[in-house]
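> Handing you a structure now.
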Amino acid sequence: MKMLINSQWTDASDGSIRNVLNPATGEIIDSVPCATEEDVERAILAAQKGKERMASLPAYRRAQILYDTADRMEKERESLAVLLSRENGKPIRQTREEILAAIRIFRGFAEEAKRLFGKASSLDMVPGMHRHFAFTLRRPVGVVAAIVPFNYPVELYAHKGPAALAAGNAVIVKPPSDCPLTLLKIAEYLEEAGLPEGAHQVLTGPGEKVGEALARSPGIQLISLTGSTAVGIKISTLAAQTLKKVHLELGGNDPIIVFEDADLERASDAVVLGRLARGNGQICCAVKRIFVASKACDEFSELLAKKAKKLKVGNPLEEDTDVGPLITEAAALKVEESVKDAVTRGAKLLYGGIRRGNFMEPTVLSRVPLETSLLRNEVFGPVAPIVSFSNPEEALRLTNDSLYGLQAAVFTRDISTAMNFAHRIEAGGIIVNWSSAVRVENLPFGGVKMSGHGRESIHDTLMDMTEQKTVILFDALSIYSE
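Going by my numbering, 396 is the number at position 401 of the sequence shown; the sequence numbering is gapless.
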């Protein structure tokens, strides 16, 4: 497939390509161009004209383009789900869900495009200003660069690209290097829906070249990045040189706290569905640290290990597969090394720990030492490390002892405990009695600390992708006496 620059499907200026591999089989699915800095500059120049065309496009037209694209995605949803599963490795049932979520988000932004309201204000509360009148407008920021990760590329793209277009911006998308194909197909649908020339462009290629060039350029007004904390720091540093807006949704080391009074069956199900059997464990807000009350820890650990044993690891295109491959063998090796390190340091391996190429068996460990990589870093794979705690204050201390603060989960039947921990946990989102791997498109999503800043949602993202402009009409009113 080719990349999209100025509404033209094109190769890289130097002819270089990158093969896209099926992580389950290693087969070559397709190849894409490796964009050069010259290609990035061409796209930015085109976007400068595209932003003018988008800014003059009425809201109802922007909405209709997004609706039409969503309808096309719905019509092609099975072929999109198969393509996404092949290039990404998630089980087909999960890629179907991802495509459907993206369709909902497209339609949500289509509606929100028609709700970019300003406000009117009489100025008679200020002495001497009573004959004047003011109002505010929301205007697009200009050109948005959307940098999309590999783990949920279609859904996370939907939170960025359609949002930028709904707000009247031009957008340049940097899809994930390992799985860009489904986003390129959706870009075709957007072009066919009637977007103005240069309004939506897709640059394939390495992030260190494309993403950093976008971050440096004064022709970009906002960077929206979902990715690792290390990449977020690099992009922020480059973006600061031109004072562009930066929206960051970064890494997480998301905790779950299981109190003694919790429903252990439900809590163990939440870990299975939110970590071991969802996204192959590659989710930023998935459960990554499990803290269980000491009196319940053995029972919970046994329950979780039994459920992990029942999960099917294999071909993601088979309907009954629960866990597919990690995105690359290098990624699987990192997970395997973290598990081995924990066992070497004294953790008890209850199930799993075996890697076969890109595949990592669902893994459950108990008695995990606090200084292991599994508990200190964001480990992207189907691994569940368990630690016991003796009292609520210790649970809170363990939970907040992290550089990250994306999401967290609390399991308890006591509403007071749940509410107190919701206030005291340092995270952007708290889930009570379910997995931390929950994202609802109409609710604000994002983290604190090294997990980034800003919030994404159908409403919040559009606010970030517009600027508020104030207009004052002098001597517009004559109703007030001197």
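Each residue gets a CB set at the ideal place from its N, CA and C atoms; glycine is no exception.
Which residues bound the beta strand (DSSP E) around Met68?
Taking the sequence shown and counting its residues from 1, one reaches residue 68 at position 73. Taken as a continuous stretch (DSSP letters only), Met68 belongs to no beta strand (DSSP E), being part of the alpha helix (DSSP H) at 54 to 70.
> Return the first residue and the last residue of the alpha helix (DSSP H) that Asp249 is part of.
Walking along the sequence shown from the start, residue 249 turns up at place 254. Where Asp249 is concerned, there is no enclosing alpha helix (DSSP H), although the beta strand (DSSP E) it sits in stretches over 249 to 253.
> What beta strand (DSSP E) runs, 3 residues minimum, are completely inside the stretch 67 to 153?
Complete beta strand (DSSP E) runs here, min 3: 115 to 117, 128 to 135, 138 to 142.
> Mapping DSSP to helix, strand and coil, what is Phe469?
Here residue 469 corresponds to residue number 474 of the sequence shown, with the count starting at 1. Correct three-state label for Phe469: coil.
> Look up Ser51 in the DSSP assignment and say whether it is helix, strand or coil.
As a working note, residue 51 is residue 56 in the sequence shown. Ser51 falls in the coil class under three-state DSSP.
> Can you give the Cα-Cα distance for Ala234 and Lys240, rounded to whole angstroms?
Counting from 1 along the sequence shown, the entry for residue 234 is found at position 239. Counting from 1 along the sequence shown, the entry for residue 240 is found at position 245. Distance between the alpha carbons of Ala234 and Lys240 is about 8 Å.
> Go ahead and pull the three-state DSSP assignment for Val550.
Residue 550 lies beyond the range of the chain shown here (-4 to 477); nothing can be said about it.
> In or out: Asn164 buried (at least 16 other Cβ within 10 Å) or exposed?
In the sequence shown, residue 164 corresponds to position 169, counting from 1. It counts as buried.
> Among the residues of its own chain, which have a CB less than 6 Å from the CB of Arg283, if the five just before and after it don't count?
Taking the first residue of the sequence shown as position 1, residue 283 is located at position 288. The residue you asked about is not Arg; residue 283 is Lys in the sequence shown. Around Lys283: Asn248, Asp249.
> What do you get for Glu33, buried or exposed, if any count of 16 or more other CB atoms within 10 angstroms of its CB means buried?
Counted from its first residue, the sequence shown places residue 33 at position 38. Its Cβ having fewer than 16 others within 10 Å, Glu33 is exposed.
> Are Ala76 and Pro320 touching if we call contact CB-CB under 9 Å?
Counting from 1 along the sequence shown, the entry for residue 76 is found at position 81. Counting from 1 along the sequence shown, the entry for residue 320 is found at position 325. In this structure, Pro320 does not lie closer than 9 Å to Ala76 by Cβ.
> Starting from Phe549, trace the alpha helix (DSSP H) both ways and give me its first and last residue.
Residue 549 lies beyond the range of the chain shown here (-4 to 477); nothing can be said about it.
> Please check the pair Ala42 and Gln196, which I expect to be a contact at CB under 8 Å, by giving their CB distance rounded to whole angstroms.
The count along the sequence shown starts at 1 and reaches residue 42 at position 47. The count along the sequence shown starts at 1 and reaches residue 196 at position 201. Their Cβ separation, rounded to whole angstroms, is 6 Å, which keeps Ala42 and Gln196 in contact under 8 Å.
> So the alpha helix (DSSP H) Ala413 belongs to, where does it begin and stop?
By 1-based counting over the sequence shown, the position of residue 413 is 418. Residues 410 to 419.
> Secondary structure at Val359, three-state DSSP: helix, strand or coil?
In the sequence shown, the residue the question calls residue 359 occupies position 364. Of the three classes helix, strand and coil, the one that applies to Val359 here is strand, per DSSP.
> Going by C-alpha to C-alpha distance, which of Lys114, Pro157, Leu238 sits closest to Lys464?
Within the sequence shown, numbered from 1, the residue matching residue 464 stands at position 469. The shortest Cα separation from Lys464 among Lys114, Pro157, Leu238 belongs to Lys114.
> Using the Cα positions of Trp4 and Met(-4), report the straight-line distance between them to the nearest angstrom.
Here residue 4 is taken as the residue at index 9 of the sequence shown, counted from 1. Here residue -4 is taken as the residue at index 1 of the sequence shown, counted from 1. The straight-line gap from Cα to Cα measures roughly 9 Å.
> Hey, out of Gly189, Cys29, Met(-2), whose CA is closest to Lys180's CA?
Numbered from its first residue, the sequence shown carries residue 180 at position 185. Lys180 has its Cα closest to that of Met(-2), out of Gly189, Cys29, Met(-2).
> Judging by CA-CA distance, which residue of Thr461, Ser476, Asp470 is the nearest neighbour of Ala108?
Position 113 of the sequence shown, counted from the start, is the residue given in the question as residue 108. Ranking Thr461, Ser476, Asp470 by Cα distance to Ala108 puts Thr461 first.
> Going by C-alpha to C-alpha distance, which of Gly222, Ala188, Gly189, Ile215 sits closest to Glu203?
Looking up residue 203 in the sequence shown gives position 208. When each option's Cα is compared against that of Glu203, the closest is Gly222.
> How about Leu190 and Ser2: are their beta carbons less than 9 Å apart?
Here residue 190 corresponds to residue number 195 of the sequence shown, with the count starting at 1. Here residue 2 corresponds to residue number 7 of the sequence shown, with the count starting at 1. For Leu190 and Ser2, yes; Cβs fall inside 9 Å.
> Can you check which of these residues, Asn415, Arg56, Val35, Phe128, is closest to Leu472 by C-alpha distance?
To locate residue 472, count along the sequence shown from 1; it is residue 477. Nearest option by C-alpha distance: Phe128.
> Measure from the alpha carbon of Ser11 to the alpha carbon of each residue in Ala291, Ser26, Thr407, then state which is nearest.
The residue given as residue 11 occupies position 16 in the sequence shown. When each option's Cα is compared against that of Ser11, the closest is Ser26.
> Along the alpha helix (DSSP H) that carries Tyr475, what are the first and last residues, could you check?
What you label residue 475 is simply residue 480 of the sequence shown in a count that begins at 1. First-last for Tyr475: undefined, no H or E at that position.
> In chain order, what residues of the same chain have a beta carbon less than 6 Å from the beta carbon of Val427, not counting five sequence neighbours either side?
Stepping through the sequence shown from its first residue, residue 427 is reached at position 432. Same-chain partners within the cutoff: Val405, Ala413.
> Would Leu198 and Val166 be called neighbours here (beta carbons separated by less than 9 Å)?
Here residue 198 refers to the residue found at position 203 of the sequence shown. Here residue 166 refers to the residue found at position 171 of the sequence shown. No. Outside cutoff.
> From what residue to what residue does the alpha helix (DSSP H) around Ser296 run?
Numbered from 1 along the sequence shown, position 301 holds the residue referred to as residue 296. It spans 289 to 304 - the alpha helix (DSSP H) in which Ser296 sits, taken as one unbroken run.
> Identify, in the order they occur along the chain, each residue of the same chain with its Cβ nearer than 7 Å to the Cβ of Lys444, setting aside the five sequence neighbours on each side.
The residue you call residue 444 lines up with position 449 of the sequence shown. Excluding sequence neighbours, Lys444 sits near Leu398, Tyr399, Gly400, Glu421.
> Compare the Cα-Cα distances from Gln402 to each of Val382, Trp429, Ile381, Lys307 and report the closest residue.
Along the sequence shown, read from residue 1 onward, the residue named residue 402 stands at position 407. Gln402 has its Cα closest to that of Trp429, out of Val382, Trp429, Ile381, Lys307.
> Decide yes or no for the touch test of the stretch 92 to 112 against the stretch 136 to 146: beta carbon pairs closer than 8 Å, at least 3 of them.
No contact exists between the stretch 92 to 112 and the stretch 136 to 146.
> Note down the Cα distance separating Leu259 from Ala303, rounded to an integer number of angstroms.
As a position in the sequence shown, residue 259 is number 264, starting the count at 1. As a position in the sequence shown, residue 303 is number 308, starting the count at 1. The straight-line gap from Cα to Cα measures roughly 15 Å.
> Answer with buried or exposed for Ala159, where buried requires no fewer than 16 other C-beta atoms within 10 angstroms of its C-beta.
Walking along the sequence shown from the start, residue 159 turns up at place 164. Looking at its Cβ environment, which holds 16 or more other Cβ atoms inside 10 Å, Ala159 is buried.
> Based on Cα-Cα distance, which residue from Pro380, Cys279, Val226, Ala208 lies nearest to Gly346?
Position 351 of the sequence shown, counting from 1, holds the residue named residue 346. The amino acid occupying residue 346 in the given sequence is Tyr; Gly does not appear at that position. Closest by alpha carbon: Pro380.
> Can the beta-carbon of Cys279 be found closer than 9 Å to that of Glu373?
For the purposes of this step, residue 279 is taken as the residue at position 284 of the sequence shown. For the purposes of this step, residue 373 is taken as the residue at position 378 of the sequence shown. Yes, Cβ-Cβ distance for Cys279 and Glu373 is below 9 Å.
> Taking C-alpha atoms, which residue in Phe295, Glu297, Lys329, Val378 lies nearest to Arg273?
In the sequence shown, residue 273 corresponds to position 278, counting from 1. Of the listed residues, the one whose Cα sits closest to Arg273 is Val378.
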